[in-house]
Amino acid sequence: MPEQSAGHLIVESLEAHGVDRVFTVPGESFLDVLDGLYDSSVQNVVCRQEGGSTYMAEAHGKLTGRPGVAMVTRGPGASNAFVGVHLAWQDSTPLVLFVGLVPVAHREKEAFQEFDPHQWFGSQAKRVMVLDDPDRASEYVAEAFFAASSGRPGPVVVGLPEDVITQRTDAPVVPPLPVAEGAVSAEELSELAAALETAERPAIMLGGPRWTPEAAALVTGFAERHGIPVVSDWRAGDRIRTDSPVTVGELGYSRTEDTVRVLTDADLLLVVGTTLSDIPTDGFTLRQERSARNWMVNVDARLRQHSGAVTRHILASPVAFGSAVAGMELGEHPDWTDWLEPAASAHREHMRIPSSAGNNAPGTADMELVVKALLPHLPEDTAVTTGSGNHTAWAQRYVPKGGYPCHFSVRNGTMGYSVPSAVAVSLAQPERFVLSVSGDGEFLMNSQELATAVQYGARPLIVVVDNGQYGTIRAHQERHYPGRVSGTQLRNPDFAAVARGYGAHGARLERNEDIEGVIADAVRAVTEDRVPAVVHVVADPAKLLPGM
Numbered sequence: 443m444p445e446q447s448a449g450h451l452i453v454e455s456l457e458a459h460g461v462d463r464v465f466t467v468p469g470e471s472f473l474d475v476l477d478g479l480y481d482s483s484v485q486n487v488v489c490r491q492e493g494g495s496t497y498m499a500e501a502h503g504k505l506t507g508r509p510g511v512a513m514v515t516r517g518p519g520a521s522n523a524f525v526g527v528h529l530a531w532q533d534s535t536p537l538v539l540f541v542g543l544v545p546v547a548h549r550e551k552e553a554f555q556e557f558d559p560h561q562w563f564g565s566q567a568k569r570v571m572v573l574d575d576p577d578r579a580s581e582y583v584a585e586a587f588f589a590a591s592s593g594r595p596g597p598v599v600v601g602l603p604e605d606v607i608t609q610r611t612d613a614p615v616v617p618p619l620p621v622a623e624g625a626v627s628a629e630e631l632s633e634l635a636a637a638l639e640t641a642e643r644p645a646i647m648l649g650g651p652r653w654t655p656e657a658a659a660l661v662t663g664f665a666e667r668h669g670i671p672v673v674s675d676w677r678a679g680d681r682i683r684t685d686s687p688v689t690v691g692e693l694g695y696s697r698t699e700d701t702v703r704v705l706t707d708a709d710l711l712l713v714v715g716t717t718l719s720d721i722p723t724d725g726f727t728l729r730q731e732r733s734a735r736n737w738m739v740n741v742d743a744r745l746r747q748h749s750g751a752v753t754r755h756i757l758a759s760p761v762a763f764g765s766a767v768a769g770m771e772l773g774e775h776p777d778w779t780d781w782l783e784p785a786a787s788a789h790r791e792h793m794r795i796p797s798s799a800g801n802n803a804p805g806t807a808d809m810e811l812v813v814k815a816l817l818p819h820l821p822e823d824t825a826v827t828t829g830s831g832n833h834t835a836w837a838q839r840y841v842p843k844g845g846y847p848c849h850f851s852v853r854n855g856t857m858g859y860s861v862p863s864a865v866a867v868s869l870a871q872p873e874r875f876v877l878s879v880s881g882d883g884e885f886l887m888n889s890q891e892l893a894t895a896v897q898y899g900a901r902p903l904i905v906v907v908d909n910g911q912y913g914t915i916r917a918h919q920e921r922h923y924p925g926r927v928s929g930t931q932l933r934n935p936d937f938a939a940v941a942r943g944y945g946a947h948g949a950r951l952e953r954n955e956d957i958e959g960v961i962a963d964a965v966r967a968v969t970e971d972r973v974p975a976v977v978h979v980v981a982d983p984a985k986l987l988p989g990m
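Residue numbers (this note's numbering): 443 to 990.
See the structure below:
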């Protein structure tokens with residue numbers, strides 16, 4: 443192999459792993475890698491804050507199923523990036539974060555921006571690796587991608603000392619390491635069929651990582667052929683289409699009680715890809731009986747985050763399981779129609795905009811009417827991004843899910859995700875309609891990435907729900923400390939003017955009468971003018987959730 447720097451070898455290795463873009467905030471600690479990107483096929487998307495860059499990389503990982511890649515500098519850059527690492531850890535998203543480090547000779551001297559990556563990231567990453575040998579640069583890339591993707595996916599952090607990456611090496615590019623999907627044995631398939639055939643109230647729960655559109659369609663097809671109700675894990679509602687006759691809704695917040703009853707009353711629950719973690723089980727209180735029959739299909743041998751009984755653990759990814767049940771037929775079994783239909787009907791009704799919409803305070807616009815105006819403009823494959831907070835409930839409840847992957851959100855509850863994730867999805871799939879719904883507090887945490895969107899041609903439509911408060915915390919506050927408003931109120935700028943300042947389309951909504959025209963103009967901006975758009979919805983602070 444011709445001799446080159448370790449930094450350039452890292453870039454060549456990224457190309458070999460099919461990386462088409464990386465999300466960076468530059469630093470002098472990894473200049474040689476930036477130089478390697480100059481002549482490469484990898485697009486370098488320069489972000490405005492390291493939290494935004496890791497959010498974008500995480501969203502890219504959710505979208506593609508392959509590790510998203512972020513690059514940041516040491517010390518302050520790494521600390522800002524930590525939020526995306528925590529997200530990837532709790533959401534089981536493949537992510538590789540490259541962090542520039544101080545020169546080797548400067549270690550343990552409290553040099554400028556020095557930190558210990560093992561100490562910082564060790565509890566929230568699948569692996570933390572520091573490159574000390576330039577000949578192993580490509581090997582480290584291959585190992586990082588494998589660790590991020592295999593088993594239960596997650597983040598891997600690779601430290602790059604600035605003097606090591608400039609050293610020359612003639613080491614070859616290490617090809618990608620294959621990731622196993624696991625398998626379903628004939629015995630396991632036979633026993634599962636027998637268990638389902640004797641169940642009076644079977645149900646399937648879908649969620650977690652390692653899905654593909656094909657796997658989601660195959661598992662959905664299996665459930666539909668046999669009329670088995672399907673409940674979705676929290677913020678995993680896109681594993682089954684909204685219009686499937688067997689979908690009964692998403693657990694967690696903004697759910698129906700019928701959805702909960704399916705979880706608690708099922709005499710056999712088949713959990714595919716996910717676990718019974720704290721949010722779907724209401725803080726480890728639902729379905730915790732040791733007598734419960736829970737069949738777990740999960741490629742994570744440790745079943746991290748799981749609570750409650752495990753009847754059988756099939757070590758397989760959703761891809762392997764979908765292939766296994768694609769042609770699986772059940773023998774004679776009870777009629778499950780009366781078990782399925784009440785919950786499915788309640789879910790369909792829950793998705794309808796209520797007739798009470800529009801009872802908001804003067805000088806505000808009703809979010810339910812905003813969503814109602816949006817729905818006719820949304821293509822079937824619309825991608826929706828949300829951060830964390832009450833504002834997510836409008837999109838989760840009312841916007842149909844047309845197939846996996848179409849909903850990008852955060853299970854770890856982090857704020858500031860909606861804008862960066864929308865930018866990442868729009869860059870990866872530029873012809874796809876991307877709708878982002880953000881709260882006012884959440885929007886300001888990473889609104890600077892609108893500059894990234896304009897610079898690189900991303901064009902999401904961003905709806906900002908401005909109720910002048912941290913709404914979720916305000917709701918908790920009212921429940922526990924009624925009438926004592928403290929630390930939750932916000933005074934916001936004109937978000938439409940902010941958007942225009944970045945070069946995006948910006949509009950402000952303060953009356954229900956203006957909703958349809960403003961929405962139509964925003965849709966035209968992203969589809970015809972091909973610029974990002976921000977719709978600033980001045981919302982009624984008393985309406986903290988849909989249906990109020």
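Beta carbons are placed, not taken as given, at the ideal position from N, Cα and C, and that holds for glycine.
C-beta contact flag for residue i and residue j at 9 Å
i	j	result
ALA625	ALA762	yes
TYR859	LEU892	no
ARG933	GLY910	yes
GLN566	TRP531	yes
SER889	MET857	no
VAL867	VAL879	no
LEU711	ALA658	no
ASP612	GLU445	yes
VAL600	LEU619	no
VAL667	GLU771	With the sequence shown as reference, residue 667 is identified as Arg, and Val is not the correct amino acid for it. In this structure, GLU771 lies closer than 9 Å to ARG667 by Cβ.
PRO760	MET647	no
ALA975	PRO924	no
VAL973	VAL905	no
GLU958	ALA815	yes
ALA825	GLN871	yes
ARG549	PRO576	no
THR894	VAL621	no
GLY510	ALA520	no
VAL907	VAL960	no
ALA751	GLU731	yes
Nearest-angstrom Cα separation, counted from residue j out to residue i
i	j	result
GLY899	LEU869	7 Å
VAL461	VAL484	7 Å
SER765	ALA964	42 Å
ALA799	THR717	36 Å
ARG466	PHE554	In the sequence under discussion, the amino acid at residue 466 is Thr, which differs from the Arg named in the question. Roughly 21 Å separates the two Cα atoms.
ASP982	VAL673	32 Å
ALA949	ALA938	5 Å
GLU920	SER749	30 Å
SER471	GLY542	5 Å
SER696	LEU745	26 Å
GLU633	ASP709	16 Å
GLN838	VAL741	27 Å
Classification of residue i by the beta-carbon crowding that lies within 10 angstroms, buried from 16 upward
i	result
PHE557	buried
ASP675	buried
SER591	buried
LYS504	buried
TYR582	buried
PHE726	exposed
ASP700	buried
GLY989	exposed
GLN931	exposed
GLY804	Rather than Gly, the amino acid found at residue 804 in this sequence is Pro. The residue is exposed, with fewer than 16 neighbouring Cβ atoms inside 10 Å.
Rounded Cβ spacing between residue i and residue j (contact assumed at less than 8 Å)
i	j	result
PRO671	ALA788	With 8 Å as the limit, PRO671 and ALA788 do not qualify as a contact, their Cβ atoms being about 11 Å apart.
LEU602	VAL453	Between VAL453 and LEU602 the Cβ distance is about 12 Å, and since that is not below 8 Å, they are no contact.
LEU512	SER495	Checking the sequence shown, residue 512 turns out to be Ala, not Leu. About 5 Å separates the two Cβ atoms, so the contact holds.
ALA579	LEU451	5 Å
HIS833	GLU884	7 Å
SER455	ALA584	7 Å
TYR846	ARG677	13 Å between Cβ atoms; not a contact.
ARG652	GLY715	6 Å
Secondary structure of residue i, DSSP reduced to three states
i	result
MET1058	Outside the shown range of the chain (443 to 990) lies residue 1058, about which nothing can therefore be said.
ASN486	strand
SER830	coil
PRO597	strand
ILE756	strand
PHE850	strand
PHE465	strand
ILE904	strand
MET571	strand
TRP781	helix
ILE957	helix
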